[in-house]
Each structure stands twice: as C-alpha cells, then as structure tokens.
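Trainee: Under our numbering, the first residue of the sequence shown is numbered -3, with each subsequent residue one higher.
Quick one: the structure is below, and I'll ask about it shortly.
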Amino acid sequence: MKKFLLFLGILFVIYLIGINTVPRYIESERNPVKALGPYQVSQEAQALYDRLDFIADLHCDALLWGRNLNKRGEQGHVDFPRMREANVALEMFTIVSKSPAGQNMQSNSEDAFDNITPLTIAKGEGPWNWFSLVNRTLSQSEALAEFVENEGEKAIFIKSKADLENLIEARKSDQEVIGAMLGIEGGHALEGNIENLDVVYSAGVRMIGPTHFFDNEFGGSAHGENLAGLTEFGKTAVKRMNELGIFVDLAHSSPAIVDDVLAITSEPVIISHTGVRAVLDSQRNLSDAQIQKIAANGGIIGIAFFDMAVGTPELPNIIASIKHVRDLVGVQYVALGSDYDGSVAVPFDITGLPLIVDGLMNTGFSEEEIRAVMGENVKQFFLKNLK
Ligand SMILES: [Zn+2]
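This is the structure in structure tokens:
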C-alpha cells in the first residue's frame, strides 16, 4: 500500500512538472519570433507612433497556451505588459478549441486527431475540458476575464459600445489602461447547439469565425474538404449572431461562406486575420472581388503577419498587403490582424509595431492614413457597430 501511494505521489510530481513545462515548450516551438526586441525604427516613425492614441489589433491567440498574460512573457508574442510597452489600446483575443493534426492550408478532415486535446491535458485542465469544445471555450473566456480582473482599473473587458467609450475616456488620462475583446475561431465550439451562442455571448464573446481549419456544422472551411457554403444551421447561427451582437469573422471561411454570409448578414463583418491574393495567392486570402464586397458591407479587414497570409513573413509583404486594400477600396477598410500567438512565426512581437509605421511611412502613407490603419479604423468600426 505504501509503495503504491509512493508511486502515485511520484506520478503526481511528474504531472506537476509536466503542466509547468510542456505547454511552455510547445508554445516556444509553435510561436517563434524572427528577431527579438528592442526594435530599431527611424526617429520620425517613432515620433509618429508615439502620437497615436489608439492602436488596435484584430487577432491574437495568446489564450490558447495557458501563459499568464498579466506577466511579461519571455516567449510568445503578446501579453498585457507588452501591450502597454507598445501603447496598444485594444487586442482581440481569440479562442481556438480544436485543431487538426497535420494542419495544412489545402485540405483538413474534421476527423483528424485533434492537437488541442493533448495541449489541454498538458495544461492541467480538468477532464471536463478534455472532450468538450464548449467547455474549453468557456475556460479560455474565464481566463481572459480573470486576467482583466487582476489588472484592477488598468484593463477593461470590452463587451459593449459603452465599455469602449470608457476605454477611450480612461486612456485620455492614463495610457496604461488597455482593452481586451474576445472572439472564437471556428463555430464547432458551439458543438452544433444554437443555444450555446447565448452561452458564449454571456461569457463575453463578440466575434465568431464560422469555420477554422476543417468543415463543421456551419459549413466549409477555406482549408476543409467540401468548400461548402453555410448550412441551415450556419444561416440560423449568423442571424442569431446579428441579433445578439456577435460579429461574423470571415477569416478561414470557404469562398462560398464569404458570399453566403455577405448575402444574409444585417451587420458589417470582420476579417480578423488575412492576406490578399494580389500579394499572395493562398486559398485563405481575399480576392479583389471579395475585398470590394466586404467594403460594400462596411466590414473591416485585418492584415496578418505570417507566411500563409503575406508570403515570407517580412515587413514589406505586410505593408504591400495593407497598401493593396487601401488602393483598391480605401484606407478606412484596413487594419492590423497580426495572428500573434496563433501557431505562427512572425517577424516581431507586439512591441515591434512601430516597424509597421516605419514601413507605411516609407511607402508614402500620410499620417492620417497611418493613424487609420494602426487602430482608428478599428475604433470607429466598433463605436459604430458594437451594441
Ligand atoms: Zn487563424
């Protein structure tokens, strides 16, 4: 009996060591940064950056890895202290609940082994999260709520227009106050139950992408097997999201879903992290026709920083993608959608955002245009469209 207890004790210690080291290791492998800060930019670019009062990013998966976002991390791309260093006002934190093994851009099966299951166990989450996508989603929602809570008056969980107005007001006297929004990548998180929309809304979710890397109850993924449009469930869900005030995020959706959502939505859409086909002809990227339709819908397009969105993940390709949207439909439709911490290699972490200003300046963007891209567009979009 004693020996058995000792054995259990040893197992428990190994488990404790595991939950502290394994997720850290996986994250460091999955989210490399090409160059660590501090980053060098021209004096003019830094001066312009310092004049920006509202910098925003539409996509970040930092919640997935179980890192404490109240502390400055030694790895990964985003946490609250680094948001402050970069003077970022608003970050959209997105929840990944299932991700297929062998994940690729072309074709993934819904039935592939799920990589998030071992990560969930390695993070030390309870068995109730091992097999339930909605429970995983609610755990990440609660984690964000707790990180915000831990900051006292220095952070605001943005769920309404009033919250955003409070953030803008608070930052007039204290730029340390940051805002966090919450989204979901992939409607499979609802497990096919429409009532779960109300559940995640209550948990603070204000944006959902119908599909992530595989086809689900909503319809086809850009990287799935059927490339289908919205199912009946998907259509019902989009209408309910419109009523509740949850934005539809068309990143990762099949072209047919993009069309179907734009045909039925009563609200403007978000493409939270994408590239454009004119710069990189990848199947997750937007064609010119899609960009024009999204602009006509009053939507907003976040340009991502990683390879399958912009090609080699370097500043010039990010800038070229931003410039393409501006030239095609106007600067008011383009924003930052980094995909930080989204299992991607990026050229710089969030403290490197002044490099974007440098790149935009060198490409002939005016200060007004740079202000718009760096966050003003996101601010105006949510002021207009958040309920
Ligand atoms: Zn993504």
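The beta-carbon is built from N, C-alpha and C at its ideal position, and this holds for glycine as well.
May I ask you to list the residues that DSSP assigns as paired with Thr392?
Mentor: Given a span of -3 to 383 for the chain in the structure shown, any question on residue 392 remains unanswerable.
Trainee: Checking 9 Å against the spacing of the C-beta atoms, do Asp345 and Gly120 come in under that value?
Mentor: Residue mapping note: residue 345 aligns to position 349 of the sequence shown, counting from 1. Residue mapping note: residue 120 aligns to position 124 of the sequence shown, counting from 1. Against a cut-off of 9 Å, the Cβ pair of Gly120 and Asp345 comes out as no contact.
Trainee: Under 8 Å: does the beta carbon of Asp57 sit that close to some heavy atom of ligand 1?
Mentor: Taking the sequence shown and counting its residues from 1, the one referred to as residue 57 is at position 61. Yes.
Trainee: Kindly list the residues whose CB is nearer than 8 Å to the CB of Asp46, restricted to its own chain and excluding five residues on each side of it in sequence; keep chain order.
Mentor: For the purposes of this step, residue 46 is identified with residue 50 of the sequence shown, where counting begins at 1. Exclusion of the five residues before and after Asp46 leaves Asn83 as the residues of its chain whose Cβ lies within less than 8 Å of its Cβ.
Trainee: Applying the criterion that 16 or more other CB atoms from any shown protein chain within 10 Å of the CB defines a buried residue, is Met237 buried or exposed?
Mentor: In the sequence shown, counting from the first residue as 1, residue 237 sits at position 241. So Met237 counts as buried.
Trainee: Counting only runs that start and end within the stretch 19 to 89, where is the beta strand (DSSP E) found for 3 or more residues in a row?
Mentor: 51 to 56
Trainee: For ligand 1, any of its heavy atoms closer than 8 Å to the Cβ of His248?
Mentor: Residue 248 sits at position 252 when you count from the first residue of the sequence shown. Yes, the beta carbon of His248 sits closer than 8 Å to at least one heavy atom of ligand 1.
Trainee: On the three-state DSSP scale, how would you describe Ile242?
Mentor: Residue numbering aside, residue 242 sits at position 246 when the sequence shown is read from its first letter. Note: Ile242 maps to coil in three-state DSSP.
Trainee: Give me, in chain order, the residues of the same chain whose beta-carbon lies closer than 6 Å to that of Glu364; leave out the 5 immediate sequence neighbours on both sides.
Mentor: Here residue 364 refers to the residue found at position 368 of the sequence shown. So no residue of the chain qualifies.
Trainee: Just checking Glu181 against ligand 1 - is the residue's beta carbon closer than 8 Å to any of the ligand's heavy atoms?
Mentor: Counting from one through the sequence shown, the residue named residue 181 turns up at place 185. Glu181: yes, Cβ under 8 Å from ligand 1.
Trainee: Taking the beta carbon of Ser217 as the centre, do at least 16 other beta carbons fall within 10 Å, making it buried, or is it exposed?
Mentor: Within the sequence shown, numbered from 1, the residue matching residue 217 stands at position 221. It counts as buried.
Trainee: Tell me the rounded alpha-carbon separation between Ala52 and Val9.
Mentor: Start at 1 with the first residue of the sequence shown, and residue 52 comes out as number 56. Start at 1 with the first residue of the sequence shown, and residue 9 comes out as number 13. Spanning the two alpha carbons is a distance of roughly 41 Å.
Trainee: Can you give, in chain order, each stretch of the alpha helix (DSSP H) that sits fully within the stretch 156 to 217 and has at least 4 residues?
Mentor: 157 to 169, 192 to 198
Trainee: Give the DSSP bridge partners of Gly298, in chain order.
Mentor: On the sequence shown, position 302 is the one that residue 298 refers to. Ala331, per the DSSP bridge assignment.
Trainee: Just the C-alpha distance for Thr90 and Thr133, rounded to the nearest angstrom, thanks.
Mentor: Here residue 90 is taken as the residue at index 94 of the sequence shown, counted from 1. Here residue 133 is taken as the residue at index 137 of the sequence shown, counted from 1. Near 10 Å, if we compare the C-alpha coordinates of Thr133 and Thr90.
Trainee: Counting only the same chain and skipping the five closest in sequence on each side, list residues whose C-beta sits under 8 Å from that of Gln288.
Mentor: Within the sequence shown, the letter at position 292 stands for residue 288. Around Gln288: Leu324, Val325.
Trainee: Quick one: Cα of Gln36 to Cα of Glu87, how far?
Mentor: Looking up residue 36 in the sequence shown gives position 40. Looking up residue 87 in the sequence shown gives position 91. The straight-line gap from Cα to Cα measures roughly 23 Å.
Trainee: Out of curiosity, what's the CA-to-CA distance linking Asp303 and Ala166?
Mentor: The count along the sequence shown starts at 1 and reaches residue 303 at position 307. The count along the sequence shown starts at 1 and reaches residue 166 at position 170. For Asp303 and Ala166, the distance between alpha carbons rounds to 36 Å.
Trainee: For Arg367, count neighbouring C-beta atoms within 10 Å of its own C-beta (all shown protein chains included) and say buried if the count is 16 or more, exposed if not.
Mentor: As a working mapping, residue 367 is identified with position 371 in the sequence shown. With 16 or more Cβ atoms within 10 Å of its Cβ, Arg367 is classed as buried.
Trainee: Only counting the same chain, and skipping five residues up and downstream in sequence, which positions put a Cβ closer than 6 Å to that of Gly241?
Mentor: To locate residue 241, count along the sequence shown from 1; it is residue 245. Only Lys383 meet the Cβ criterion.
Trainee: Closest to Ile204 by C-alpha separation, out of Phe153, Val144, Val265, would be which residue?
Mentor: As a position in the sequence shown, residue 204 is number 208, starting the count at 1. Looking at the Cα atoms, Val265 is the closest of the given residues.
Trainee: Which partner residues does Pro96 have in the DSSP bridge list?
Mentor: In the sequence shown, counting from the first residue as 1, residue 96 sits at position 100. Paired residue(s): Asp110.
Trainee: Mapping the DSSP letters down to three states, classify Val275 as helix, strand or coil.
Mentor: Position 279 of the sequence shown holds residue 275. Reduced to three states, the DSSP call for Val275 is coil.
Trainee: With distance defined between alpha-carbon atoms, name the residue in Leu160, Ala300, Leu226 nearest to Ala341.
Mentor: Within the sequence shown, residue 341 is the residue found at index 345, counting from 1. For the residues Leu160, Ala300, Leu226, the minimum Cα distance to Ala341 belongs to Ala300.
Trainee: Can Asn250 and Leu276 be called in contact, C-beta distance under 9 Å?
Mentor: Counting from 1 along the sequence shown, the entry for residue 250 is found at position 254. Counting from 1 along the sequence shown, the entry for residue 276 is found at position 280. One point to set straight first is that residue 250 is Ser, not Asn, in the sequence displayed. Against a cut-off of 9 Å, the Cβ pair of Leu276 and Ser250 comes out as no contact.
Trainee: I'd like to know whether the C-beta atoms of Arg78 and Thr359 end up nearer to each other than 9 Å.
Mentor: Here residue 78 refers to the residue found at position 82 of the sequence shown. Here residue 359 refers to the residue found at position 363 of the sequence shown. It is not a contact, given that the beta carbons lie outside the stated cut-off.
Trainee: Does DSSP classify His320 as helix, strand or coil?
Mentor: In the sequence shown, counting from the first residue as 1, residue 320 sits at position 324. Three-state result, His320: helix.
Trainee: Ser249 bridges to which residues according to DSSP?
Mentor: As a working mapping, residue 249 is identified with position 253 in the sequence shown. Beta-bridge pairing links Ser249 to Ser217.
Trainee: For Leu282, which residues does DSSP report across the bridge?
Mentor: For the purposes of this step, residue 282 is taken as the residue at position 286 of the sequence shown. According to DSSP, Leu282 bridges with Val272.
Trainee: Buried or exposed, going by whether 16 or more other CB atoms sit within 10 Å of the CB of Pro350?
Mentor: Position 354 of the sequence shown, counted from the first residue, corresponds to residue 350. Under this definition Pro350 is a buried residue.
Trainee: For Gly216, verify whether its CB is less than 8 Å away from any heavy atom of ligand 1.
Mentor: What you label residue 216 is simply residue 220 of the sequence shown in a count that begins at 1. Outside the cutoff, so no.
Trainee: Which term fits Ser93, buried or exposed, when burial requires 16 or more other beta carbons within 10 angstroms of its beta carbon?
Mentor: Position 97 of the sequence shown, counted from the first residue, corresponds to residue 93. Its Cβ being crowded by 16 or more others within 10 Å, Ser93 is buried.
Trainee: Would the beta-carbon of Asp335 be found less than 8 Å away from any heavy atom of ligand 1?
Mentor: Stepping through the sequence shown from its first residue, residue 335 is reached at position 339. The answer is yes for Asp335.
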